[in-house]
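S.K.: Here's a structure for you.
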Amino acid sequence: MNQNTEQLRTDPIGRLLFKLSLPAMIGMLVTALYNIIDTIFVARGIGSTAVAAIGIAFPIQMILMAVSSAVGLGGASISSRKLGKGDDAGAAVTFLNVLVLVGVFAAFAVSSAFFMLDDILKVFGATSAIMELSRQYLSVVLISSPFFMFTLAASAMVRAEGQAPYQMKVMLTTVVVNLVTTPLFIFTFGWGIYGAAWSTALAQVVGSVLMLRFFFSKNRRTELDFQWRKFRLRFGELKEIMAIGSSSFIMMVSQSILFVGVNVMLGTYGGTEELAIFAIINKFMALVGMPIMGIVQGMQPIVGYNFGAKQFDRMRETIWTAMRAGIAIAVIIWLTLQLIPEQLMRMFTTDANLIAGGVTAIHVLFAVSFLPSVQMLVNGIYQSLGKARVAMFLSLSRQTLYTIPLVFILPNFFGVFGVWLAFPIADAMTFLTAVGMAVWDRKLLFRPSEDEIEAKATNL
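Using the numbering used here, read the sequence shown as starting at 26 and increasing by one per residue.
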């Protein structure tokens with residue numbers, strides 16, 4: 026057992042959760058801020074039409090992210106429990122199975138997207154005004170997607186062993202590369218939307234190189250390596266990886282379908298201006314969710330490891346600590362969005378109509394945006410415990426069961442306002458669903474340790 030896994034067993038929970046969550050939170054916050062700044066560069070350097078075009082391309086990127094994240098999270102859940110049981114060799118084999126799955130999916134998904142690119146863009150809501158720009162952007166980004174998919178999957182496995190600080194370094198480096206090259210390519214070289222695309226592609230390649238360097242470094246401190254001589258393709262384990270990760274996959278794919286539905290309805294009841302507003306707001310939606318996902322990622326290896334080690338008191342303490350921290354952060358972000366929406370919109374544009382429409386959309390869409398943090402945390406707990414079906418249902422609840430139907434129904438009565446209104450209604454319903462499931466499974470999620478059961482029996 027190395028030092029990284031030993032900390033999951035012995036370190037104080039508050040300090041350990043902070044140590045593992047902070048790198049992921051910083052990395053994700055910086056990534057979210059980068060996406061905002063990158064959109065500002067595109068809006069100022071190319072125009073709102075380009076912002077709308079990238080917004081149309083985003084759901085396709087999300088599907089590729091969904092595949093790699095699902096495989097990585099599924100493998101990480103299995104690895105955490107194996108490490109908790111002292112099976113370091115088994116955890117390494119799981120890692121190799123994860124890489125094989127990602128490679129197969131990357132080859133299939135990217136080649137399929139290239140063959141059907143125009144048809145996909147039309148289905149995803151691209152209008153004639155933005156079709157060419159969407160095609161130009163996505164054709165470049167797809168080339169580098171396999172590198173990005175590898176980085177995402179490998180990052181999840183690294184976190185499973187408690188190596189979150191290195192993942193943060195990788196994310197921060199890619200963000201810096203992006204922030205430097207995007208204005209250079211757009212403003213200095215005059216590449217337009219190709220500049221934004223090549224900047225993203227370059228950052229994705231850099232991220233994968235850094236991740237490979239970690240695993241091949243002589244000074245690495247990990248049991249997860251590329252020892253292919255130990256590799257055995259375990260179909261049962263592949264099935265378990267996909268089952269556990271399926272909840273995250275469905276959640277992200279559902280989010281992609283949601284974005285497609287929003288774009289279609291905005292195109293029907295509005296136009297390019299409304300599409301641009303949503304493309305901007307979409308960046309703030311990531312800002313709301315990413316810090317919570319950072320806490321989830323820090324929480325999961327601790328919960329999974331201590332569940333495997335049968336240290337249920339530590340598992341329970343981790344869950345409560347993560348809940349308090351996640352809700353507090355979500356409330357702070359919610360207050361910021363509600364108090365300064367006009368200033369946020371002015372960062373992207375000086376168009377009065379775009380600003381006014383964006384302010385209304387932010388007020389309505391983010392009305393109760395702090396509530397889904399509970400669903401994200403509860404879902405992360407079920408993933409850590411290998412409860413794939415329950416995690417899948419929770420993932421489905423927000424986008425598929427609630428938001429997507431509302432996005433298609435409400436605009437028929439309220440027009441564009443109905444699109445924005447769908448989100449807070451779905452957020453409230455999602456919160457009630459997650460709380461109800463956590464209460465129902467309280468004996469599992471807040472299970473007492475054997476020492477606590479014995480102490481209680483003695484007192485009786």
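Ideal Cβ placement from N, Cα and C applies to all residues, glycine included. In this text the structure is predicted, and so the values were computed from the model without any measurement.
Confirm, please, whether the CB-CB distance from V289 to M401 is below 8 Å.
M.R.: Start at 1 with the first residue of the sequence shown, and residue 401 comes out as number 376. Start at 1 with the first residue of the sequence shown, and residue 289 comes out as number 264. Not closer than 8 Å, so no.
S.K.: Quick one: measure Cβ to Cβ for I306 and I387, integer angstroms, because I've assumed they're closer than 8 Å.
M.R.: Position 281 of the sequence shown, counting from 1, holds the residue named residue 306. Position 362 of the sequence shown, counting from 1, holds the residue named residue 387. Confirmed, about 6 Å.
S.K.: With a floor of 4 residues, list each alpha helix (DSSP H) that falls wholly inside the segment 222–310, ordered by position along the chain.
M.R.: As far as the segment 222–310 is concerned, its whole alpha helix (DSSP H) runs of at least 4 residues are 260–294.
S.K.: Output the boundary residues of the alpha helix (DSSP H) element that contains M372.
M.R.: The sequence position of residue 372 within the sequence shown is 347, counting from 1. Unbroken run through M372: none, as it is neither H nor E.
S.K.: Enumerate in chain order the residues of its own chain whose CB-to-CB distance from T297 is below 8 Å, with the five nearest sequence positions on each side excluded.
M.R.: Taking the sequence shown and counting its residues from 1, the one referred to as residue 297 is at position 272. Taken in chain order, the residues that qualify are S73, T74, A77, T152, A154, I155.
S.K.: Can you tell me whether DSSP reads W359 as helix, strand or coil?
M.R.: Counting from 1 along the sequence shown, the entry for residue 359 is found at position 334. Helix, per DSSP.
S.K.: Excluding sequence positions up to five away, which residues of its chain have a Cβ less than 6 Å from the Cβ of S281?
M.R.: What you label residue 281 is simply residue 256 of the sequence shown in a count that begins at 1. Correct list, in chain order: P84, M87, I88.
S.K.: Rounded to the nearest angstrom, how far is the Cβ of P449 from that of L390, given a contact under 8 Å?
M.R.: Position 424 of the sequence shown, counted from the start, is the residue given in the question as residue 449. Position 365 of the sequence shown, counted from the start, is the residue given in the question as residue 390. About 7 Å separates the two Cβ atoms, so the contact holds.
S.K.: Note the first and the last residue of the continuous alpha helix (DSSP H) segment covering Q86.
M.R.: Locating residue 86 in the sequence shown gives position 61, counting from the first residue. Element bounds for Q86: 73–109.
S.K.: Could you pull the start and end residues of the alpha helix (DSSP H) that D376 belongs to?
M.R.: Stepping through the sequence shown from its first residue, residue 376 is reached at position 351. Per DSSP, D376 belongs to no alpha helix (DSSP H) and is neither H nor E.
S.K.: With distance defined between alpha-carbon atoms, name the residue in N203, V202, A178 nearest to Q192.
M.R.: As a working note, residue 192 is residue 167 in the sequence shown. Selected option, being the one with the closest Cα: A178.
S.K.: So what's Q336 in DSSP terms, helix, strand or just coil?
M.R.: Taking the sequence shown and counting its residues from 1, one reaches residue 336 at position 311. Three-state DSSP puts Q336 in coil, outside helix and strand.
S.K.: Is the segment 127–137 touching the segment 269–278, taking contact as three or more C-beta pairs under 8 Å?
M.R.: No: fewer than three Cβ pairs fall under 8 Å.
S.K.: Using CA coordinates, which residue listed in G443, T425, I406 is at the minimum distance from V460?
M.R.: As a working note, residue 460 is residue 435 in the sequence shown. The residue with the shortest Cα to Cα distance from V460 is I406.
S.K.: Just to confirm, is the Cβ distance from A413 to A268 under 8 Å?
M.R.: Position 388 of the sequence shown, counted from the first residue, corresponds to residue 413. Position 243 of the sequence shown, counted from the first residue, corresponds to residue 268. Yes, they are a contact pair.
S.K.: Can you tell which of I344, A392, F284 has its C-alpha closest to the C-alpha of T361?
M.R.: As a working mapping, residue 361 is identified with position 336 in the sequence shown. The option with the nearest alpha carbon to T361 is A392.
S.K.: Please determine, among S224, R339, T35, F175, the residue with the shortest C-alpha to C-alpha distance to L470.
M.R.: In the sequence shown, residue 470 corresponds to position 445, counting from 1. Here the closest residue by C-alpha is R339.
S.K.: Going along the chain, which residues of its own chain have a beta-carbon closer than 7 Å to the beta-carbon of V432, five neighbours each way excluded?
M.R.: Taking the sequence shown and counting its residues from 1, the one referred to as residue 432 is at position 407. Here the set comprises L283, G286, V287, M290, V444, A447.
S.K.: Using a Cβ distance threshold of 8 Å, determine whether the segment 220–234 contacts the segment 92–111, with at least three qualifying pairs required.
M.R.: Contact fails: fewer than three Cβ-Cβ distances are below 8 Å.
S.K.: Rank P208, P366, L426, R349 by C-alpha distance to the C-alpha of Y59 and give the top, closest one.
M.R.: The count along the sequence shown starts at 1 and reaches residue 59 at position 34. Nearest option by C-alpha distance: P208.
S.K.: Counting along the chain, where does the alpha helix (DSSP H) carrying Y1 start and finish?
M.R.: With the chain running from 26 to 485 in the structure shown, residue 1 is simply not present.
S.K.: Could you check whether the segment 347–367 touches the segment 417–427, counting it as contact only if at least three pairs of C-beta atoms, one from each stretch, sit closer than 8 Å?
M.R.: The segment 347–367 vs the segment 417–427: no contact.
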